[in-house]
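As structure tokens, the structure follows; a few thoughts come after it.
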DNA sequence: CGCGTTTTGTTCGAGTCTGATCATTTATGA
DNA sequence: TCATAAATGATCAGACTCGAACAAAACGCG
């Protein structure tokens, strides 16, 4: 017989399965193939290719056409054979906390996963890159994960290293409440995050409309969202022409529990000195503690000091109830799963998506009503 | 060998199924097609197109009209299937062009709308706020619109005014390829846009990897996407430590057609003077014209001058074919409709979504291969 | 080493897609 | 209203593709 030298680089003949793999590869690369062309390329007869095509068509992996095959098309109504590809995927999810903030994110993710017929495996982690990686690795090792939703620690060189590692994983990755930095170019990481800066701005504008003209910010830089909140506060202050320099901007990060009361006293002192009548307090829990402290010290809320919290986890528990910015936590989880499901379904033809969500401002007692003690200077030019 | 001589850019002939898909795509993009036009475009006889149209009409996917076909219309009572079209909602869509860029966005939107069982009404407009508003108003007046997808002109005070007006409309609004400005606070406008800055950066980094060390930018500031492209170019240059000051950055906005050749000469002159060996050219069409000009003047592409275009509308037509950044136009339309559908379904409990999509870099001949004439100074430290 | 099974190749008649011609129908303008 | 030009569909022919039947080779196995 004529020693059919496959035009293929390897002079070796392929097994039928490999051949069909190659066929699908060509198909994905070019969108369509001709029986003749592929037969020549793989060094087999056309009939063989036809048989392969028939086989693949029966599985719904290609659409048969006269002279070749194309990617499955909706116009091809031979696909009467229901949907055997009930191939449900498993998604791993690694979050930095299982008590605060994240339960709602997980809940939203779970609901959407059920909708999309996906399985979700959640793992808690610490707020630190090394442990993030450990947890992800554990998921990859023990479970059969098709995709990963993760909220990693991104600070420092370890954080960047972790990001690169995630980016190089063979499965799709979606960040939740984290943004892949723009400087890092080739990132195929997708993400969904709340626009915390917008939320902080909303709070500041609300306080301004209530008549406050000195608005401070009490933050806790140990959280990844803090920088965004502070940035939003700054931007809003600038937009409202309030000088940031003279405003209270304290950070409670490095305090032990023992020092907390002292620190709050210090903050109240500062407020009195600068005439600040309103505070945006990052992290709800801190806001609750601060309001408690104010009440203890006889500082009226909101009369002497208006408070808006951030996160809205426990703000409603305080007395008086605290107004708070509420990130759409459920939706963060939901969108993360949607992104993942779409990515798994559509493959890499789908462009990288990045989604920002706006938070909501929940008004309660702690910020409603004009300040009792008007600040210095101009006032009552409300709106 | 195929007997036919397709007029298609790719010398490949299409299978019937692909042909019908192309037909549906054109249909979704323009709302209607002529048998003659499509036959010419696909390089087949008119009879063949007629047969395709008949076939698609039998499935209810198109409405036959004399001389061509349109999207299925309720007025066409040939619908043997008798499927109640059950248009849950109607969406208005106003885009600034029906010839360039936007047909593909519309096509993606239409395909998704079909999926979601929505009706889409498209109107073309001029690139100017007043006409944008007129077209939107016309849609609101004459049709029963439940939502609006629009790509308005946002420049100047008129643009801001238009945005405020859109924001105040009683129906949900999604911007396509536009971003609501952050300064404007209470915006409930949602949007989906391509990250053009990322695209430009991708192009610059590609040219850098090919060995270019002086990379210019030829822009056309009359387009809304130009600022983003230029910003991306700047950022990438900064990241690669290429001084922007000495680099070519020209703008062809205010030139008449007559001056074009002169301007291109001027640009080439500048490149020679500064040692620039690669250019990112905004708007594909301009890139094609520029490459043509280079060839006419004996400037080798990519040998003397590497080119990357932006938009990838006509880049493949040039000789040599031009590498280009391709925004995910279909997906912009698709995501816009998804956002709208979700908004209509979920109401205002749903948080405001904002989506960014990454473009893709399509490599062709015009940018591949190291520069023949090395730039001044350091070189060949190619990664 | 020989056998059966599986996979691949060849031949050839039937089937399918495409294009050309021409009579008929339809849209458009005077 | 009629006339003209264009679009349409039927029919036929040519080229190509498809699938069945049979033949040959490769592989697994005892």
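Residue numbers (the numbering used here), protein chains in the order written: chain A, -15 to 367; chain B, -15 to 367. Every residue, glycine too, gets a C-beta built ideally from N, C-alpha and C. Treat the numbers as computed from the prediction; the structure is a model and nothing was measured.
Around residue 260 (chain A), the same chain offers 198, 200 and 232 as residues with beta carbons nearer than 6 Å, after the five sequence neighbours per side are excluded.
By a beta-carbon distance limit of 8 Å, residue 328 (chain B) does not contact residue 208 (chain B). Their separation comes to about 27 Å.
The bridge partners DSSP lists for residue 177 (chain B) are B:340.
Around the C-beta of residue 210 (chain B), 16 or more other C-beta atoms lie within 10 Å, and the residue is accordingly described as buried. In the DSSP assignment, residue 47 (chain A) forms a beta bridge with A:54. DSSP places residue 245 (chain B) in the helix class (H, G or I) of the three-state scheme.
Residues of chain A with a Cβ closer than 7 Å to the Cβ of residue 342 (chain B) are, in chain order, 335 and 336.
Look at residue 307 (chain B): its C-beta is not under 8 Å from any C-beta on chain A. Annotated as proximal: residue -1 (chain B) and residue 54 (chain A), with beta-carbon spacing under 8 Å. Around the beta carbon of residue 72 (chain B), fewer than 16 other beta carbons sit within 10 angstroms, so the residue counts as exposed.
Any Cβ of chain A closer than 8 Å to the Cβ of residue 2 (chain B) would place that residue at the interface, and such an atom is present. The alpha-carbon of residue 7 (chain B) is positioned some 13 Å away from that of residue 58 (chain A). With contacts defined by Cβ atoms closer than 8 Å, residue 159 (chain B) and residue 134 (chain B) form a contacting pair.
Three or more Cβ pairs closer than 8 Å define a contact, and the stretch 214 to 227 of chain B falls short of that threshold against the stretch 274 to 289 of chain B. For residue 106 (chain B), the uninterrupted beta strand (DSSP E) run begins and ends at 102 to 108, by DSSP.
Under a 10 Å Cβ-count criterion, residue 193 (chain A) is classified as exposed, with fewer than 16 other Cβ atoms of the shown protein chains found around its own Cβ.
Taken in chain order, the unbroken stretches of alpha helix (DSSP H) that lie wholly in the stretch 129 to 206 of chain B and span 4 residues or more are 140 to 151 and 180 to 193. Sequence-distant Cβ neighbours of residue 323 (chain A) in its own chain, meaning closer than 6 Å and more than five residues away, are 158, 174 and 337. For residue 310 (chain B), DSSP records a beta bridge to B:344. With respect to the C-alpha of residue 109 (chain A), the residue from A:76, A:94, A:186 and A:91 having the closest C-alpha is A:76. When C-alpha distances from residue 171 (chain A) are compared across A:144, A:180 and A:186, the shortest belongs to A:144. Interface criterion not met: the Cβ of residue 211 (chain A) is under 8 Å from no Cβ in chain B.
The C-alpha of residue 87 (chain B) is placed about 9 Å away from the C-alpha of residue 314 (chain B).
One finds 54, 57, 58 and 59 in chain A with Cβ atoms closer than 9 Å to the Cβ of residue 5 (chain B), taken in chain order. Judged by DSSP secondary structure, residue 42 (chain B) falls within the alpha helix (DSSP H) whose first and last residues are 30 to 42. Your pair residue 298 (chain A) and residue 279 (chain A) does not check out as a contact, with CB atoms roughly 16 Å apart and the cut at 8 Å. Against chain A, the CB of residue 312 (chain B) has a partner CB under 8 Å away; the residue lies at that interface. The C-beta separation of residue 136 (chain B) from residue 335 (chain A) comes to about 23 Å, leaving the pair out of contact by the 8 Å criterion. A straight line joining the alpha-carbon of residue 249 (chain A) with that of residue 243 (chain A) spans about 10 Å.
For residue 315 (chain B), the neighbours in chain A by C-beta distance under 9 Å run, in chain order, 334, 335 and 337.
In the DSSP assignment, residue 18 (chain B) falls within the unbroken beta strand (DSSP E) covering 16 to 18.
Cβ-Cβ separation between residue 343 (chain B) and residue 292 (chain B): approximately 12 Å, too far for a contact (criterion under 8 Å). In the three-state DSSP reduction, residue 298 (chain A) falls in the coil class, being neither helix nor strand. The shortest C-alpha to C-alpha distance from residue 26 (chain B) to any of B:41, B:39, B:16 and B:10 is the one to B:10. Chain-ordered, the chain B residues with CB closer than 7 Å to the CB of residue 47 (chain A) read 1.
By alpha-carbon distance to residue 255 (chain B), the top candidate from B:202, B:164 and B:147 is B:202.
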